[in-house]
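Undergrad: Below: one structure in structure tokens.
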Amino acid sequence: MEKRKKKIKFKVTLKTKLWTAFLLILIAPAVIVGAFAFKFSKDVVRDDIWQAATFSVDTLNETINKIIEPKMKDIELLSESIDSSNITTQANSNIGVSADVSNQLNTYKDIHEELELAFIGTENGVYINSPASTANPPDYDPRTRDWYKKAMENKGQAVVSSPYVSAATGNLVVTVSKTTKDGQGVVGVNVSLEEVKKITEDIKIGDEGYIYILDADRKFVYHPEKELGSLAPDNIQNNNLYNSDSGTFSYIHEGKDSKDMFFATNELTGWKLAGTMYTNEIDKAAMPVLINTIIVIVASILVGSILITFVIRSITKPINSLIRSSNKIADGDFTEKIIVKSDDEIGQLGNSFNGMVNTLSGIIKTLKQTIDHLASSSEELTASSSQTSHATEQVSTAIQDIASGVEKSTEHLEENEKSLEKVLGGISGISVKSKEVTDLARESSKEAEVGRESVEDNLNQMKYIHESVGKSNEVIQSLSTRSKEIGEILNVISGIADQTNLLALNAAIEAARAGEHGKGFAVVADEVRKLAEQSQSSTQLIGEIIASIQKDTEVSVKMMGEVLENANTGVTVTEATSERFIKIIENSRNITPQIEEMTNTLETIYEYVEEVVSKAKNITEISQENAATSEEVAASTEEQLASMEEINSSAKSLANLAEDLKNHVNQFKI
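To convert, note that position 30 of the sequence shown is 30 in full-length UniProt numbering; the numbers rise steadily by one, no gaps.
As structure tokens, then:
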């Protein structure tokens, strides 16, 4: 089953379109203005909050400076006036004793009651506190404390320690310290952070925002939710604080809510003063502006809708009246007139519509008169076309008989033409074959001439080979004779070697008989014997080689005899072949003129027959043209007859249409 998708067409009226356009014009600018107003209010609220928060941070920063900076100047004076070399140790304790040092510390402490403690620690591990009633634990060693180590690392400079819990009071403090002028101890004062804590607690950023403080070692100086002195978490926002001295940035708090942060750095302590607040607080603060904007937009839409209703009604009411009149006219009532009450575009449209109705009424009146004339004319045309059709039918029959006779004559002429064309084709084929035979004869004569020349070349080569073989045979026979002579010479040399060997043997025997006097001769005889043996051995080897050469020479002599006989036979056969080629060439030369003469005769006959065929074609074409002309005349007559019948039919249809049109026109009211 194929599912056919039908397009659903919604009827959108002019009223709907006008409402849509006016509402878009009314609502779109209002929404855009409201959005810009809300964004602008958010920016203003954000700036106000940030300015207030920045002012609070600056105030806190100044407060810290006011607390720490005087103490740093005081500690500069104390460190220069106190001599730690006069401090002795109390028996069985780590408490130092020096009336002068104690008096100076007590005097300073009495003047600055806000201080928690004033003290000194020495390199011997003893200390003096002011007030003296604030004692440290027995195992207390000032040298292990952060304030002591930093001061020793930065001798001659006042330093501020990280926040820590005082061992004497248990309160969170920072120590401002500096080494004494002799470098044997460190003077310090504990500054309580309670005042900083109170000021920081009172600072609010928005509704839920707050400020917290981190020292240079990333420990909390103050945080509303974290333990004071604890190490700050290693997260993005805390890391950003230490990348620069001040700035603002946004971050995600605990993976959920977006927050904004601004921060500054205290130059004296290196503390980070950071203010943070939830980003959505700005949206909440700007929400009243958004609500007021929405109220204004809704009110504007309501008032605008009332005005739009009156405007749309003034447009659609005359158009609906125009539509009702148009429907009546569409039903054929041209007596309907539109009442025009305005001079605007709709009034002009009504006037134009009335003009169109008047024009159509005139056209319909004229059309009625024309239809009456058309009906009478169509009846007269029907009668005339019937008479003409009968006469045309008789002419068509006569022409068809003439065309039939011409067609039969044309068929006989076409058969004669085909027979002549077959004869012409046969003669043409014979002529072509004769030319081909002539060409083949000439080609055979040329090839035979080439073959004869090749045979003569072959005969000359065979004769040359015969002479060469004869000479080679003589040389080989001479070589055989020389080999035999060399064999005889070797036999003589072999006999001489045997005799020399025998003489050397006899000489050796005689030398042995001679004793000591014959030793030299014996050596010579032995060498002669060895030379004779070598000569005999070489003679035997040469003899074997000569014997092998003689055998090969005999085989060569035999083979050269056979080659000589074959060469004689080849010369005889080649001479006979050359004579046959000469006869073939003579026969080819005699045949070629006869074939050429026969070809010329066939070409003459072909020309005569071709002329006869051409004339037969002309006669056939004339007959065909006559037949075609007769058929065309017959066809034209039939077409004329058909046209007359169509005219007759059209005249009848025209009369019927005129009657129908008259009935339709009579439906209009004029």
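Glycine residues also receive a C-beta, built at the ideal position from the N, C-alpha and C atoms.
Note that the structure is a prediction, hence the values are computed from the model and not measured.
Apart from the five residues just before and just after M1, which ones in its own chain have a Cβ nearer than 7 Å to its Cβ?
TA: Stepping through the sequence shown from its first residue, residue 1 is reached at position 1. Residue confidence for M1 is low, a pLDDT of 45 falling below 50, so the modelled location carries little weight; the figure read from the coordinates is stated next. Taken in chain order, the list of residues that qualify is empty.
Undergrad: Can you tell which of Y127, E113, I75 has its C-alpha closest to the C-alpha of G96?
TA: As a working note, residue 96 is residue 96 in the sequence shown. Out of Y127, E113, I75, Y127 has the C-alpha closest to the C-alpha of G96.
Undergrad: Run through DSSP, which three-state label would T134 get?
TA: Residue mapping note: residue 134 aligns to position 134 of the sequence shown, counting from 1. Coil.
Undergrad: Among E114, G185, G170, which has the Cα closest to the Cα of T144?
TA: Residue 144 sits at position 144 when you count from the first residue of the sequence shown. The candidate whose alpha carbon is nearest that of T144 is G185.
Undergrad: Give the secondary structure of S538 by DSSP, where H, G and I count as helix, E and B as strand, and everything else as coil.
TA: For the purposes of this step, residue 538 is taken as the residue at position 538 of the sequence shown. Three-state DSSP puts S538 in a helix.
Undergrad: Roughly how many angstroms lie between the CA atoms of T200 and S56, to the nearest whole one?
TA: To locate residue 200, count along the sequence shown from 1; it is residue 200. To locate residue 56, count along the sequence shown from 1; it is residue 56. Computed Cα separation, rounded: 9 Å.
Undergrad: Cα separation between A151 and I211?
TA: Position 151 of the sequence shown, counting from 1, holds the residue named residue 151. Position 211 of the sequence shown, counting from 1, holds the residue named residue 211. Rounded to whole angstroms, A151 to I211 spans 30 Å at the Cα level.
Undergrad: Contact check, N129 vs F119 under 8 Å by CB: the rounded distance?
TA: Within the sequence shown, residue 129 is the residue found at index 129, counting from 1. Within the sequence shown, residue 119 is the residue found at index 119, counting from 1. Rounded, the Cβ-Cβ distance is 5 Å, consistent with contact.
Undergrad: Quick check on DSSP: helix, strand or coil for I509?
TA: For the purposes of this step, residue 509 is taken as the residue at position 509 of the sequence shown. I509: helix per DSSP, three-state reduction.
Undergrad: Distance, Cα to Cα, N656 vs F353?
TA: Residue 656 sits at position 656 when you count from the first residue of the sequence shown. Residue 353 sits at position 353 when you count from the first residue of the sequence shown. When rounded, the distance between both Cα atoms is 34 Å.
Undergrad: Can you tell me the Cα-Cα spacing of D260 and S79, whole angstroms?
TA: Here residue 260 corresponds to residue number 260 of the sequence shown, with the count starting at 1. Here residue 79 corresponds to residue number 79 of the sequence shown, with the count starting at 1. Going by the C-alpha atoms only, they are around 44 Å apart.
Undergrad: Look at the alpha carbon of V557 and the alpha carbon of E565, and state the distance between them as a whole number of angstroms.
TA: Stepping through the sequence shown from its first residue, residue 557 is reached at position 557. Stepping through the sequence shown from its first residue, residue 565 is reached at position 565. If I take the Cα positions, the gap works out to 13 Å.
Undergrad: Going by DSSP, name the residue or residues bridged to Y222.
TA: Indexing the sequence shown from 1 puts residue 222 at position 222. DSSP, once it has assigned bridges, lists I213 as partnering Y222.
Undergrad: Can you tell me whether Y464 is buried or exposed, with buried defined as 16 or more other CB within 10 angstroms of its CB?
TA: Position 464 of the sequence shown, counted from the first residue, corresponds to residue 464. That one is exposed.
Undergrad: The beta strand (DSSP E) spanning L268 covers which residue range?
TA: In the sequence shown, the residue the question calls residue 268 occupies position 268. Premise fails: L268 is in no beta strand (DSSP E) and is neither H nor E.
Undergrad: How is S230 classed by DSSP in three states: helix, strand or coil?
TA: To locate residue 230, count along the sequence shown from 1; it is residue 230. In the structure shown, S230 sits in coil (DSSP, three-state: anything other than H, G, I, E or B).
Undergrad: State whether the stretch 268 to 276 contacts the stretch 213 to 220, with contact taken as three or more CB pairs (one from each stretch) at a distance under 8 Å.
TA: The stretch 268 to 276 is in contact with the stretch 213 to 220.
Undergrad: Report the option in S300, E114, N65, T179 whose CA atom is closest to the CA atom of L24.
TA: Taking the first residue of the sequence shown as position 1, residue 24 is located at position 24. For the residues S300, E114, N65, T179, the minimum Cα distance to L24 belongs to S300.
Undergrad: Sorted by chain position, which residues of the same chain lie with C-beta nearer than 7 Å to S246's C-beta, five sequence neighbours on each side aside?
TA: The count along the sequence shown starts at 1 and reaches residue 246 at position 246. Closer than 7 Å at the Cβ level, and outside the excluded window around S246, lie F263, A264, T265.
Undergrad: Does the count of Cβ pairs from the stretch 27 to 40 and the stretch 284 to 298 closer than 8 Å reach three?
TA: At 8 Å Cβ cutoff, the stretches touch.
Undergrad: I'd like to confirm the pairing. Which residues does DSSP put opposite G185 in its beta bridges?
TA: Mapped onto the sequence shown, residue 185 falls at position 185. DSSP lists T122 as partners of G185.
Undergrad: Give me the Cβ distance between V165 and V174, rounded to the nearest whole Å; I'm assuming they're in contact under 8 Å.
TA: Position 165 of the sequence shown holds residue 165. Position 174 of the sequence shown holds residue 174. With 8 Å as the limit, V165 and V174 do not qualify as a contact, their Cβ atoms being about 11 Å apart.
Undergrad: When burial is assigned at 16 or more other CB atoms within 10 Å of the CB, is T20 buried or exposed?
TA: For this step, residue 20 is matched to residue 20 along the sequence shown. When all chains shown are included, T20 counts as exposed.
Undergrad: Can you name, in chain order, every residue of its own chain whose Cβ lies under 8 Å from the Cβ of N86, other than the five neighbours on each side?
TA: As a working mapping, residue 86 is identified with position 86 in the sequence shown. S98, D100, V101, listed in sequence order.
Undergrad: With DSSP run on the structure shown, which of helix, strand or coil describes T13?
TA: Against the sequence shown, residue 13 aligns to sequence position 13. Residue state, collapsed to three classes: coil.
Undergrad: Spatial neighbours of T88 within its chain, please: CB distance less than 6 Å, with the 5 preceding and 5 following residues excluded, ordered by chain position.
TA: As a working mapping, residue 88 is identified with position 88 in the sequence shown. Here the set comprises V97.
Undergrad: Helix, strand or coil for A299, going by three-state DSSP, please let me know.
TA: Walking along the sequence shown from the start, residue 299 turns up at place 299. Helix.
Undergrad: Please return the same chain residues whose Cβ sits closer than 7 Å to the Cβ of G229, not counting the five positions on each side in sequence.
TA: Along the sequence shown, read from residue 1 onward, the residue named residue 229 stands at position 229. Cβ neighbours of G229 beyond the five flanking positions: P163, Y164, V165, L172, K219, F220.
Undergrad: Give me the Cα-Cα distance between E603 and E579, rounded to the nearest whole angstrom.
TA: Start at 1 with the first residue of the sequence shown, and residue 603 comes out as number 603. Start at 1 with the first residue of the sequence shown, and residue 579 comes out as number 579. Using only the alpha carbons, I get a separation of about 37 Å.
Undergrad: Under 7 Å Cβ to Cβ from E76, same chain only, skipping five residues before and after it: list those, please.
TA: Mapped onto the sequence shown, residue 76 falls at position 76. Hits under 7 Å: A158, K178.
Undergrad: Give me the residue from A514, D110, K284 with the minimum Cα distance to D207.
TA: On the sequence shown, position 207 is the one that residue 207 refers to. Of the listed residues, the one whose Cα sits closest to D207 is K284.
Undergrad: Using a threshold of 7 Å, state whether the C-beta atoms of I312 and L18 are closer than that.
TA: Mapped onto the sequence shown, residue 312 falls at position 312. Mapped onto the sequence shown, residue 18 falls at position 18. Contact: yes.
Undergrad: State the Cα-Cα distance for the pair L307 and G355, rounded to the nearest angstrom.
TA: Mapped onto the sequence shown, residue 307 falls at position 307. Mapped onto the sequence shown, residue 355 falls at position 355. So the two alpha carbons sit approximately 34 Å from each other.
Undergrad: Keeping to the same chain, check which residues put their C-beta closer than 6 Å to that of S653; ignore five residues upstream and five downstream.
TA: Sequence index remark: in the sequence shown, residue 653 carries index 653 (1-based). For S653, where only same-chain residues beyond five positions count, there are no Cβ hits under 6 Å.
Undergrad: Taking only runs of the beta strand (DSSP E) that begin and end inside the UniProt domain "HAMP" (313 to 365), which ones reach a length of at least 3 residues, in chain order?
TA: None, since the UniProt domain "HAMP" (313 to 365) contains no complete beta strand (DSSP E) of that length.
Undergrad: Output the distance between the C-alpha atoms of V31 and T309, rounded to the nearest integer angstrom.
TA: Taking the first residue of the sequence shown as 1, we reach residue 31 at position 31. Taking the first residue of the sequence shown as 1, we reach residue 309 at position 309. Their Cα atoms are separated by approximately 21 Å.
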